[in-house]
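Asks: Using numbering that gives the first Met the number 0, you'd call the opening residue of the sequence shown number 0 and step up by one each time.
Glycine included, each C-beta is placed from N, C-alpha and C at the ideal position.
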Amino acid sequence: MRILGIDPGSRCAGYGLLEMNGLKVKYLTSGILRFDQYPKFLDRIGPIYNSCCELQRELNFDEIAFESLIYVKNPTSLMKLAQTRGAMLAAFAQQYPGKIFEYAPNMIKSAVTSNGHAGKESIQKGLQMIFGRIEFATHDESDALAVAMTHALHRRSALGRSKQHDRTY
Numbered sequence: 000m001r002i003l004g005i006d007p008g009s010r011c012a013g014y015g016l017l018e019m020n021g022l023k024v025k026y027l028t029s030g031i032l033r034f035d036q037y038p039k040f041l042d043r044i045g046p047i048y049n050s051c052c053e054l055q056r057e058l059n060f061d062e063i064a065f066e067s068l069i070y071v072k073n074p075t076s077l078m079k080l081a082q083t084r085g086a087m088l089a090a091f092a093q094q095y096p097g098k099i100f101e102y103a104p105n106m107i108k109s110a111v112t113s114n115g116h117a118g119k120e121s122i123q124k125g126l127q128m129i130f131g132r133i134e135f136a137t138h139d140e141s142d143a144l145a146v147a148m149t150h151a152l153h154r155r156s157a158l159g160r161s162k163q164h165d166r167t168y
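1. Measure the Cβ-Cβ separation of L17 and K23 and say whether it is below 8 Å.
2. Exposed or buried, S9, counting other C-beta atoms within 10 Å across all chains shown (16 or more means buried)?
3. In whole angstroms, what is the alpha-carbon distance linking E62 and S76?
4. Starting from the C-beta of I122, find all residues in its chain whose C-beta is less than 7 Å away, skip the five residues before and the five after it, and write them out in chain order.
5. Under the three-state reduction of DSSP, which class applies to F65: helix, strand or coil?
6. Could you tell me the alpha carbon to alpha carbon distance between K124 and R84, rounded to whole angstroms?
7. Can you tell me which of the three DSSP states M0 falls into?
8. Considering only residues of the segment 66 to 142, which uninterrupted beta strand (DSSP E) runs meet the minimum length of 3 residues and lie entirely inside it, listed in chain order?
9. For Q127, I'd like the list of residues in its chain whose CB is within less than 8 Å of its CB, leaving aside the five on either flank, ordered along the chain.
10. From N20 to Y70, what distance separates their C-alpha atoms?
11. When the distance is taken between beta carbons, is E101 closer than 8 Å to A157?
Have a look at this one:
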């Protein structure tokens, strides 16, 4: 199973792709999608949608995991992030019904670092401990990979539980 993690952003979004084979998780690729060349926010919505459609064509994945919305003091920023996420979700929703998941930021941090309040550098170090030396272009990229890893851990946990229940004595 291949899992695509997404860290949404209206100027820069991250993505990370992992492959899960049984209980093993393998890093495949990660990167960023840049939209800051469009000065007006509304001009970015189309390219955001199109970039997600392009990811579907370029990468072969089975499920998608998003970071859920975070509390933001500025309502305008929250609105822009929600619209960005909406464009991304719309791009994936038709191809992946029932295969889109979301995780809270604290859950993601805890999954990768064992600390729900870890900083960005700790997330990168945690991922490098798991997958080896990976150079991240931005925190958006490492955050997206952490989202994918969180989903993989949840899948792995469910797989382990189901195998326990399948035992016959």
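Replies: The answer reads as follows:
1. Locating residue 17 in the sequence shown gives position 18, where the first residue counts as 1. Locating residue 23 in the sequence shown gives position 24, where the first residue counts as 1. Result no, Cβ atoms of L17 and K23 do not sit closer than 8 Å.
2. Taking the sequence shown and counting its residues from 1, one reaches residue 9 at position 10. Per the 10 Å Cβ criterion, buried.
3. Residue numbering aside, residue 62 sits at position 63 when the sequence shown is read from its first letter. Residue numbering aside, residue 76 sits at position 77 when the sequence shown is read from its first letter. If you take the alpha carbons of E62 and S76, they lie about 28 Å apart.
4. Position 123 of the sequence shown, counted from the first residue, corresponds to residue 122. K108, V111, T112, S141, D142, A145.
5. Residue numbering aside, residue 65 sits at position 66 when the sequence shown is read from its first letter. F65: strand per DSSP, three-state reduction.
6. Taking the sequence shown and counting its residues from 1, the one referred to as residue 124 is at position 125. Taking the sequence shown and counting its residues from 1, the one referred to as residue 84 is at position 85. Cα to Cα, the separation comes out at about 27 Å.
7. What you label residue 0 is simply residue 1 of the sequence shown in a count that begins at 1. Correct three-state label for M0: coil.
8. 99 to 102
9. Locating residue 127 in the sequence shown gives position 128, counting from the first residue. The residues are I133.
10. Residue 20 sits at position 21 when you count from the first residue of the sequence shown. Residue 70 sits at position 71 when you count from the first residue of the sequence shown. So the two alpha carbons sit approximately 35 Å from each other.
11. As a first step, residue 157 is located in the sequence shown; it is residue number 158 there, counting from the start. As a first step, residue 101 is located in the sequence shown; it is residue number 102 there, counting from the start. Not a contact, by the Cβ cut-off of 8 Å.
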